Amino acid sequence: MSVIEQIRSGARDGLARLYSTYRTEFIGWAVKQFNCPRAAAEDAWQQTIVIFYENVVSGRLQELSSSEKTYLFAIGKNKLREFNRTQMREQELGEFDTAEDAAPEPLDQQMLEKAVACLDALGEPCRSLLVEFYYHRSSMDQIVARLGYRNEDTAKSQKYKCLVRLRKKFFEATTKKTMQ
Amino acid sequence: MTEEEDIALIDRFIEGRLSDAEAESVKKRIENDKEFASLYNDMKYLIGSTRVVGRRELIDFLKKEDAKTSGTSVQWYVVSGIAAAIALVAAFFIFRDTGNPLVDEYFAPYPNTVVPVIRGTPTDSSLRAAALAQYELGNYAAALESLEQIAPSNPDDLFYMGISALGLKDYSLAVTYLKDYESKGESFVTQTKWYLALAYLGADNVEQSRSYLNALAAEDGSYKQQAAELLSKIDRDLK
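What follows is the structure, encoded as structure tokens:
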């Protein structure tokens, strides 16, 4: 089974193998080619693997036309170029910027941070259910198997309830912010 | 439409899974229906938050898996048999803070045999020569930094990077480089087993360390005697 098929089936072991297999080589190459600090190369490698994963689960990547390594290094190169551009603007390499990927239009970073805090505070199993559905793009039957719901209808209804709870928390958090 | 149906519609809109006509209709509702626009605006942030948390968890997962394969995991002590488990857990608590003193006792850097036969661009060669000069002086941090700049143009660099990391007592990094060398290099196969045994021992992974030492003790190489001796000392410490 290819790593893409493994990821689609919900297994993440293949991804971990990819991460470990090329990590040292990528970091050495990045430090040499882009003259970047080791920590930045490590960040770039983590982001590369995450982007690969997201491309697979979103269906943007169906199969590889090149080797795994070539594909990953191409993504990594772009991340390193971003790093260099950021350095040129004399800005710090901050937290993983998700704004442009998270929605068709840019998100306000402070509002996004509020939403993340609300999701973290939501508790289980709601938090995992929403992350499985929206981030890992797990199907309802995968969610049933992973989180132990009775059936797909129960999981679907629970997902809606969790989202309503999260929205309520988000509303409270953002209203509070506005009032301050 | 119920709110649940609206959410499902917005899900598909954000994911780009609507037809052009359906997407156009959603855009019009966002423009004209305040309640729907508010729901859409919130959904962007709520879905965005799942991505931030999902990525964070995925990176944590990758780091943990990497630590396992690099030998820094402590899961090695989960073995069958209560007596073995107790002995290994005891060893874990003895060694976890300071590394294993046996590593210091047995660690000696492998001589630099690379520079005289080096091939490559003049820049790489001079960098490698400078790095290995630092290595010979025991300046492992400087050696490692320079070798990281030229790696992985020559797999032998990984071998010396691993030993430099061992010299710096960064055992998990040593395992990473030496395992990488093990899969790619050909010049120092037996030597790599020895240094991996030391790196795993330093990283508290006694099981992996023993595995390499057993292999060396079974061979008729130059590490046979040392490996057997170290094995017996590890067994002694575990008792």
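Same order as they appear, the protein sequences are chains A and B.
Each number in this note's numbering corresponds to the 1-based position in the first sequence with 3 added.
Each number in this note's numbering corresponds to the 1-based position in the second sequence with 1 added.
No residue lacks a Cβ here, since even glycine has one placed at the ideal position from N, Cα and C.
These numbers come from a predicted model, not from an experiment.
Look at the region 152 to 207 of chain B and you find these whole runs of alpha helix (DSSP H), each 4 residues long or longer: 156 to 168, 172 to 185, 190 to 203. Contact with chain A is found for B:LEU47, since one of that chain's Cβ atoms lies less than 9 Å from the residue's Cβ. In the three-state reduction of the DSSP assignment, B:ALA109 falls in the coil class. Around the beta carbon of B:MET162, 16 or more other beta carbons lie within 10 angstroms, which makes this residue buried. With fewer than 16 other beta carbons inside 10 angstroms of its own, B:GLN226 counts as exposed. Cβ atoms of A:CYS129 and A:PHE173 stay farther apart than 8 Å, at about 13 Å. Between the region 4 to 23 of chain A and the region 132 to 140 of chain B, the count of C-beta pairs closer than 8 Å stays below three; the two stretches do not touch. Per the coordinates, the alpha-carbon of B:ILE60 lies some 15 Å from the alpha-carbon of A:GLU135.
If you draw a straight line from the Cα of B:LEU197 to the Cα of B:ALA175, it comes to about 8 Å.
Nearest in C-alpha terms to B:THR114, of all of B:ASP157, B:GLU106, B:GLY139, B:ALA143, is B:ASP157. Cβ proximity to chain B below 7 Å picks out TYR163, LEU166, LEU169, ARG170 from the region 148 to 171 of chain A. Remark: C-beta atoms of B:LYS194 and B:TYR224 approach each other more closely than 9 Å.
Annotation: Cβ neighbours of A:VAL119 in chain B (cutoff 7 Å, chain order): SER50, VAL53, VAL54. One thing to note: B:GLU16 has its Cβ within 9 Å of the Cβ of A:SER61.
Cβ neighbours of B:ALA24 within its own chain (closer than 7 Å, five residues either side excluded): PHE14. Between A:ALA14 and the set B:LYS45, B:LYS29, B:LEU63, the nearest pair of CA atoms involves B:LEU63. Ranking A:VAL167, A:ALA118, A:ARG149, A:LEU169 by CA distance to the CA of B:GLY49 puts A:ALA118 first. Taking CB atoms only, A:ARG26 has a neighbour in chain B less than 9 Å away.
Close CB contacts of A:ARG140 within its chain, under the 6 Å cut and outside five residues either way in sequence, are with VAL60 (chain order). Residue contact with chain B for A:LYS35: present (Cβ-Cβ distance below 9 Å to some residue of chain B).
DSSP, read as helix, strand or coil, puts B:GLU16 in coil. Counting along the chain, B:THR114 sits inside no alpha helix (DSSP H), nor does DSSP assign it H or E at all.
A Cβ of chain A is located within less than 9 Å of the beta carbon of B:GLU16. A straight-line Cα-Cα distance of about 10 Å links B:ALA38 and B:MET44.
For A:MET143, the uninterrupted alpha helix (DSSP H) segment begins and ends at 143 to 150.
Using a Cβ-Cβ distance cut-off of 8 Å, the region 179 to 189 of chain B and the region 212 to 219 of chain B are not in contact, since fewer than three pairs of beta carbons, one from each stretch, lie closer than that value. Listed by position along chain B, the residues whose Cβ is nearer than 9 Å to that of A:GLN113 form an empty set, because the closest Cβ is around 10 Å away.
In the structure shown, B:TYR224 adopts coil according to DSSP, grouped into three states. For B:LEU59, the residues of chain A that pass the 7 Å Cβ criterion are VAL53, TYR56, in the order they occur in the chain. For B:ASP7, the closest alpha carbon among the candidates B:SER20, B:ALA22, B:ARG30, B:LEU138 is that of B:ARG30.
By the Cβ neighbour-count rule, A:MET114 is buried, with 16 or more other Cβ atoms within 10 Å of its own. Within chain B, the residues ILE60, LEU63 have their CB atoms less than 7 Å from the CB of A:GLN49, given in chain order. Shortest Cα-Cα distance from B:LEU199 to any of B:LYS180, B:GLU183, B:LEU167, B:GLY222 involves B:LEU167. In the DSSP assignment, A:VAL134 falls outside any alpha helix (DSSP H) and carries neither an H nor an E. Distance from the CA of B:LEU148 to the CA of A:TRP48, rounded to the nearest whole angstrom, comes to 19 Å. The alpha-carbon separation between A:GLN161 and B:LEU10 amounts to approximately 17 Å.
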